[in-house]
Every structure is written in structure tokens, then in C-alpha cells.
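Visitor:
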Amino acid sequence: MEATRVVQPKSETVSLGRQKRRERLVGYSFITPATLLLLLFLILPFVLAISFGFTKFNLLRPDKIQFIGLENYKTLFQDSLFYKSLWNTLYFTAIVVPVQCTVALILALLINNKLKLRNIYRIAYFSPVVTSMTVISILWISLYNPNEGLINSALNFLGISNQPFLRSASQAMNSIIFMSVWQAAGYQMMIFLAGLQGIPKDLYEASAIDGANKFKQLRYITIPSLYNVIVFVVTITTIQAVKLFIQPYIMTNGGPENSTRTLALLIYQQGFQFRNAGYASAISVVFFVLVVLISFSIKRFFKDR
Amino acid sequence: MSFKRTNLLLNIVNMLIALLFITPLLWMVVSSLKPENQIFADLSSIKSLIPINLTFDNYIDAFNRIPMMKYLSNSLFYVSIISISGLVVNSICGYALAKLEFKGKDVTLTVIIALLIVPFESILMPLYFIVNSLHWVDTWLAMIVPFVANCFSIFMFRQFFMDIPNEILESASIDGSTAMRSFASIVVPLSGPVFATVFILDFISHWGDFMWPILVTTGESMRNVQLGIQTFFTLPPIYYGQIMATLTFTTIPIIILFLFLQKYYVQGITSSGIKG
């Protein structure tokens, strides 16, 4: 008995060591497919984007690549179209993020109750989210039709004359903003709704006894309890907004008068229509830096409060 | 009394907003089922949202002009392959990061989370360069392979697997079953919800693919539905009824999928928010 007791722990450590080694092997084999794919199709392109930024070449003639140092960046920071696109991207983001998050929160509050038809409302608010952006964009070109569109008909009914919407440099971006809020608010609503359902009910009951009205409850219970959810929603909405591409590509092609040209659209056009792969990569790098800067400033902004 | 009045008010407000939200989509479906001149005749009245003179002519005419069925099967084909192979590749990676011990694990996890922030738009150019160098342009490989591994899916899987108790897994390794088999026979059956969630998130996101297919498909043979409807939209003569028919047709598969997997889709959206 004594002898086996001495031997057993020893053999256990041996098999444990073997098991550990085996586990390590299994671990590597399990992460290999994903990491290889990510290396080749995400990390390598990312590194290449930075290097291409210092070169000049046609995407289809990579053999004629030329190193030109910071030339692309010099051009970029003197390119008025770049500034216009940057402005448009920031404008879209600055309007869409607060509006969409507020609409989403209001929708979530409207259905965070025991109404019998709650699920119907929820599906109605969410239905544009599952519809693809291509479908939505084409549909809204028809709705925004300056002569025979549904929206102008509705406006006529209210006594307002026909509006040009996408055909006007002053209205096109706002029209895209309106549509984008309608399309995506349901997504953020779902996140808010889950957050709302996590707030303990007794907080409300206690404050109701103290005589707090609905608005006071919203201000002092709901919003503070949702703080982390709000940070998250603002972050993902912002990152989504900065990438604006499909809507202007399909609806306006960046026009009229470049009023809807965004950074993503500029990258695409420089790279694939004008085939300036180096220049487009430089814009991509600036775009990436912008996304990182924005994400960090959101973090900072909310941390300070 | 006041409770009832609040409810009535809430219902009225909800109904009005819900109507506003579904009007565009309702108009799309209703118009796809109406003769062209009826669409315009009804435009200025509530009739534009009510199906009158129902007809499937728009669908028949549109399908005669473009191979919608081909586009649909193309999309179903490549999006299914991305989503299903993505389940395998990302789940085993997420499992290793959650439950196995090996050197470099923390670094791998950190890198994967950091990569979440890289926007697709900023790697578009070099990704095309790589795919072109591999001679994949105009093949399914270009549409599928770069998108199988997905940092967000790996992260979702890892979060889910973290919550599986270790005792269940240890009993398996003592039995001497190989790791892959124990993963398939013990972990997978316990993880139905996360697989469903990742699948539908991936499927819906790739169903909307637009920018990438423009670049890597040149002919009609590999065109996906989104490119198909966009091409049709720019193809004269323009008939609203037919365009709305193609839009409605493109949305149907997603609606069906959503109805079946609604719970998991919503869970995917919300759990990322609460945990992330």
C-alpha cells in the first residue's frame, strides 16, 4: 500500500506532463486555420496598405511599382477632394451618431413594457435592419424621386412643394442621413432594450414611492444604469458611420458636386476607377488612423465623466 | 385608470411610429405586385400602400430580363460556405483560446481583439492585390476564403466556451478521446445557441456583400443578388414595379432565415453589447 502511494503521484506527474504537451499541440492545431487565414487576409493586407502608401503603382501592373516616399501624403494634404470627403464623413458621423442613438433609445423605451402588441412594434422597428443596404438604397432612390416619389407625394399632401433630395448638393447628404437612421436605429434599439431589461425593477418602485415622475426616473435611474450600454452603442454606431460607402455609391456616386463623397468612396474610386493604388493606400492609412482616433476619443470622453 | 390611459397612449404612439417605419418596405412589396401605371396613379393617396389589381407580372417580366434565380443561388452558395466553414474554423480557435493552455495564447487573443478595429475599407486595396496575385479573381475562392476566419466570431465563441464548466471537459480527456472528437461530441452539443448566433450574424452580413463582389467578379456567372439588383436598377428601360419585384425577391430569403433564427440573431446583437 505504502509503495503504491509513493509511486502513484510520480506517474501522475509524468502523464500530466504528457497531457500538457498534448494539450499544447491540440491548442496550436486548433488556432492554426484561423490564424493563418487572418495573417494572409487581414494582417498582411494591413501591413501592405502601409507600405503601398509610400509607392506609386497601378494595381494591375504591380511589377512597375515605384517608391516615392511621402509624396502621396503630400498630395493628399493638398487635395481639396480629400478634405471635402473627410468633412462629409465627419458631418455624416456627427449627425447620425447622436440622432440614431437617441431614436434607438426612445424606441427601446417605447416597447420596454407589457403592451400586448410589443412584439409587433419591435419587429416593425427592426425590419429595416435585416433588409440589405443595397435594397434599401435602391428603394429610397425611388422614394426620394424628385418628380414622382412617395415622399414628395406625402409632402404635397402636407402643402409642401416637391423637393429635389438626392439631386441637390444641399439636401443629398441629409437625405442619406435620414434614410440611414431609419435603417439602423432598430439595431441599437435591441441593445438598449436588453440593457433596459437588466435594470432592477425595485429601483423604479422605490423612486415612485419617493414621488419621482417618469422623467426624473429616466434622468436619475435609466440613463445612469445604461451608462456602459450607451458607451458601447455610441462606439459601434460611430465606427459604422465612418465607413459610409454603399449609400452614396448607389444613390449619388458621391455627387452632386461631391456633396456625398466620403473617405471610403474616395479610396474605392482612387484605387479601382483611377487605379492609383499607392494614393488610395495612403488614404486608407489616414482612414484607419481616423477610426482609431475616434474610438479612443469616445473612450476618453466617457471615461472623464 | 391612469395606467390604462398610459397604455392607450403608448399604443397609439407606437402604432404611428411603427407605421412610419414599415411604410417604405410596405410600399416596396405592394408596388411589386401592382401594374406599373397603377403604382403612379396611387402615389398621392393611401392606396399606394394597399394592394389593388394584384399581379405577378412584374416578377415574371423582371425574371425574363435578368437571371435572378442564378444570382440568388450564387448568393446562397457562397454565403452558406463562408458561414458554415466559418463555424468550424472560428469555433475551434475560440475553444483553444478559452479552454486550452499553450504558449502564446494571450498574445493571440490580444491580437485578435485588436484586429476587430481594422475596417475592411482600409485593407481593400492590398487585399485585392493579394487575391489578384493568387489568380483568384473571378473564382469563388476570392469571394469565400478571405472571409472564413472572423475575429468577431472567434471572440463570440471564446466568450461562450469560457462559461462551460471544466469538469465536463476533464472527464472527456481522461476517457482518452481525442481532442477533436471530444470537442465535437461534448462541446458542440452544449453550444447550439452560439453556433446559431454566429451563423446568422455572418450570413446576414455577407448576404449584403457589395463592395468586394464588384471588384472580384467581372462576369454575370458569379454575380451575387446585391450586385444583380444594382445592375438591374441601372438597366433601361426602368420600371418601378419590376425593380420593386427584384428588391422584394432579394429580401425574402433573409426574412425567412430571420423568422427561424430571430432569437439567436437578437441574442448575438445584444450579448456583444453587454459583454463587450
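Chains as they are written, first to last, in the numbering used here: chain A, 502 to 806; chain B, 15 to 290.
Quick reminder that beta carbons are idealized off the backbone N, C-alpha and C, glycines included.
Between the stretch 538–558 of chain A and the stretch 162–176 of chain B, are three or more C-beta pairs nearer than 8 Å?
Guide: A contact exists between the stretch 538–558 of chain A and the stretch 162–176 of chain B.
Visitor: Assuming Leu111 of chain B and Leu123 of chain B make a contact with CB atoms under 8 Å, what is their CB distance in whole Å?
Guide: As a working note, residue 111 of chain B is residue 97 in the second sequence. As a working note, residue 123 of chain B is residue 109 in the second sequence. Going by Cβ atoms, the distance from Leu111 of chain B to Leu123 of chain B rounds to 5 Å, so yes, they are a contact pair.
Visitor: Consult DSSP for Lys557 of chain A and reduce its assignment to one of helix, strand or coil.
Guide: Translated into the one-based positions of the first sequence, residue 557 of chain A becomes position 56. Lys557 of chain A: strand per DSSP, three-state reduction.
Visitor: So, for Thr739 of chain A: in the same chain, excluding its five sequence neighbours on each side, which residues have a beta-carbon less than 7 Å away from its beta-carbon?
Guide: Here residue 739 of chain A refers to the residue found at position 238 of the first sequence. Cβ neighbours of Thr739 of chain A beyond the five flanking positions: Thr594, Val598, Ile795, Ile799.
Visitor: With distance defined between alpha-carbon atoms, name the residue in B:Ser97, B:Phe134, B:Phe116 nearest to Phe789 of chain A.
Guide: Position 288 of the first sequence holds residue 789 of chain A. Comparing Cα positions, the closest option is B:Phe134.
Visitor: Which residues in the same chain have their Cβ closer than 6 Å to the Cβ of Phe444 of chain A, if we skip the five residues on either side of it in sequence?
Guide: The structure shown does not extend to residue 444 of chain A, since chain A is modelled only from 502 to 806, so the question has no answer here.
Visitor: Given that a residue counts as buried once 16 or more other Cβ atoms are within 10 Å of its Cβ, and exposed if not, what is Ser581 of chain A?
Guide: Here residue 581 of chain A refers to the residue found at position 80 when the first sequence is read from its first residue. It is exposed - the Cβ of Ser581 of chain A has fewer than 16 other Cβ atoms within 10 Å.
Visitor: Does any residue of chain A have a CB that is nearer than 8 Å to the CB of Ala193 of chain B?
Guide: On the second sequence, position 179 is the one that residue 193 of chain B refers to. Yes, Ala193 of chain B counts as interfacial toward chain A.
Visitor: With H, G and I counted as helix, E and B as strand and the rest as coil, what does DSSP make of Phe568 of chain A?
Guide: Within the first sequence, numbered from 1, the residue matching residue 568 of chain A stands at position 67. Three-state DSSP puts Phe568 of chain A in a strand.
Visitor: According to the neighbour-count rule (16 or more other Cβ atoms, all chains shown, within 10 Å of its Cβ), is Tyr780 of chain A buried or exposed?
Guide: As a working note, residue 780 of chain A is residue 279 in the first sequence. By the 10 Å Cβ count, Tyr780 of chain A comes out buried.
Visitor: Let's test the definition: count the other Cβ atoms within 10 Å of the Cβ of Lys521 of chain A and tell me whether it reaches 16, buried, or not, exposed.
Guide: Against the first sequence, residue 521 of chain A aligns to sequence position 20. That one is exposed.
Visitor: Is the CB of Pro160 of chain B under 8 Å away from at least one CB in chain A?
Guide: The sequence position of residue 160 of chain B within the second sequence is 146, counting from 1. Yes, Pro160 of chain B lies at the interface with chain A (some Cβ there is under 8 Å from its Cβ).
Visitor: Restricting to runs no shorter than 4 residues, where is the alpha helix (DSSP H) found entirely within the stretch 234–288 of chain B?
Guide: Listed in chain order, they are 239–247.
Visitor: Could you please give the first and the last residue of the uninterrupted alpha helix (DSSP H) stretch that includes Ile168 of chain B?
Guide: As a working note, residue 168 of chain B is residue 154 in the second sequence. Counting along the chain, the alpha helix (DSSP H) containing Ile168 of chain B begins and ends at 165–176.
Visitor: Between A:Gln684, A:Ser654, A:Val682, which lies nearest to Leu63 of chain B when the distance is taken from Cα to Cα?
Guide: The residue given as residue 63 of chain B occupies position 49 in the second sequence. Residue A:Ser654 is the option with its Cα nearest to Leu63 of chain B.
Visitor: If distances are taken between C-alpha atoms only, which option among B:Thr262, B:Tyr254, B:Phe263 comes closest to Gln52 of chain B?
Guide: Along the second sequence, one-based indexing puts residue 52 of chain B at 38. When each option's Cα is compared against that of Gln52 of chain B, the closest is B:Tyr254.
Visitor: Have a look at Pro647 of chain A and Met225 of chain B and give me their C-alpha separation to the nearest angstrom.
Guide: By one-based count along the first sequence, residue 647 of chain A stands at place 146. By one-based count along the second sequence, residue 225 of chain B stands at place 211. Approximately 27 Å between the Cα atoms of the pair.
Visitor: Going along chain A, which residues have a C-beta under 9 Å from Trp41 of chain B?
Guide: Translated into the one-based positions of the second sequence, residue 41 of chain B becomes position 27. Going along chain A in sequence order, the residues near Trp41 of chain B (Cβ under 9 Å) are Leu640, Ser643, Leu644, Leu651.
Visitor: With DSSP collapsed to three states, give me the class of Phe716 of chain A.
Guide: Within the first sequence, the letter at position 215 stands for residue 716 of chain A. DSSP places Phe716 of chain A in helix when its eight states are reduced to three.
Visitor: To the nearest angstrom, report how far apart Val230 of chain B and Met157 of chain B are at their CA atoms.
Guide: Against the second sequence, residue 230 of chain B aligns to sequence position 216. Against the second sequence, residue 157 of chain B aligns to sequence position 143. Straight-line Cα distance between these residues: approximately 7 Å.
Visitor: List, in chain order, every chain B residue whose beta-carbon is nearer than 9 Å to that of Trp683 of chain A.
Guide: Counted from its first residue, the first sequence places residue 683 of chain A at position 182. Here the neighbours are Leu34, Phe35, Pro38.
Visitor: Counting contacts by CB-CB distance shorter than 8 Å, is Pro250 of chain B in contact with chain A?
Guide: Reading the second sequence from its first residue, position 236 is the one you call residue 250 of chain B. Judged by the 8 Å Cβ criterion, Pro250 of chain B is not in contact with chain A.
Visitor: Check whether the Cβ atoms of Phe666 of chain A and Tyr645 of chain A lie closer than 8 Å to each other.
Guide: If you number the first sequence from 1, residue 666 of chain A lands on position 165. If you number the first sequence from 1, residue 645 of chain A lands on position 144. Yes; because the gap between Cβ atoms is below 8 Å, this pair is in contact.
Visitor: Note down the Cα distance separating Val202 of chain B from Ser196 of chain B, rounded to an integer number of angstroms.
Guide: Numbered from 1 along the second sequence, position 188 holds the residue referred to as residue 202 of chain B. Numbered from 1 along the second sequence, position 182 holds the residue referred to as residue 196 of chain B. When rounded, the distance between both Cα atoms is 9 Å.
Visitor: Kindly say whether Thr662 of chain A, judged by its beta-carbon, lies nearer than 8 Å to any beta-carbon of chain B.
Guide: The residue given as residue 662 of chain A occupies position 161 in the first sequence. Correcting the residue type first, residue 662 of chain A is Ser in the shown sequence and not Thr. Chain B contact via Cβ: absent.
Visitor: Count the other CB atoms within 10 Å of the CB of Asn729 of chain A; is the residue buried (16 or more) or exposed (fewer)?
Guide: Taking the first sequence and counting its residues from 1, one reaches residue 729 of chain A at position 228. With fewer than 16 Cβ atoms within 10 Å of its Cβ, Asn729 of chain A is classed as exposed.
Visitor: Does DSSP classify Lys615 of chain A as helix, strand or coil?
Guide: As a working mapping, residue 615 of chain A is identified with position 114 in the first sequence. Here Lys615 of chain A sits in coil by DSSP.
Visitor: With DSSP as the reference, label Asp216 of chain B as helix, strand or coil.
Guide: One-based indexing of the second sequence puts residue 216 of chain B at position 202. Three-state DSSP puts Asp216 of chain B in a helix.
Visitor: May I ask you to report which of helix, strand or coil DSSP gives Ser798 of chain A?
Guide: Position 297 of the first sequence, counted from the start, is the residue given in the question as residue 798 of chain A. Note: Ser798 of chain A maps to helix in three-state DSSP.
Visitor: Which of the three DSSP states, helix, strand or coil, is assigned to Glu706 of chain A?
Guide: The residue given as residue 706 of chain A occupies position 205 in the first sequence. Looking at Glu706 of chain A - three-state DSSP - the assignment turns out to be helix.
Visitor: Of all the CB atoms in chain A, is at least one closer than 8 Å to the CB of Val132 of chain B?
Guide: Along the second sequence, one-based indexing puts residue 132 of chain B at 118. Yes, its Cβ sits closer than 8 Å to a Cβ of chain A.
Visitor: Considering only residues of the same chain and omitting the five flanking positions on each side of Arg79 of chain B, which have a CB-CB separation below 8 Å?
Guide: Translated into the one-based positions of the second sequence, residue 79 of chain B becomes position 65. Contacts found: Phe246, Leu249, Gln256.
Visitor: Express the C-alpha separation of Leu591 of chain A and Leu33 of chain B in angstroms, rounding to a whole number.
Guide: Position 19 of the second sequence holds residue 33 of chain B. Position 90 of the first sequence holds residue 591 of chain A. Near 31 Å, if we compare the C-alpha coordinates of Leu591 of chain A and Leu33 of chain B.
Visitor: Below 8 Å on the Cβ atoms is my guess for Asp216 of chain B versus Ser97 of chain B; work out the distance and round it to an integer in Å.
Guide: The residue you call residue 216 of chain B lines up with position 202 of the second sequence. The residue you call residue 97 of chain B lines up with position 83 of the second sequence. Going by Cβ atoms, the distance from Asp216 of chain B to Ser97 of chain B rounds to 4 Å, so yes, they are a contact pair.
Visitor: Keeping to the same chain, check which residues put their C-beta closer than 8 Å to that of Asn663 of chain A; ignore five residues upstream and five downstream.
Guide: Reading the first sequence from its first residue, position 162 is the one you call residue 663 of chain A. Result list for Asn663 of chain A: Pro647, Asn648, Asn653, Leu656, Asn657, in chain order.
Visitor: At least one CB of chain B closer than 8 Å to the CB of Lys521 of chain A: is that the case?
Guide: The residue labelled residue 521 of chain A in the question sits at position 20 within the first sequence. Yes, Lys521 of chain A counts as interfacial toward chain B.
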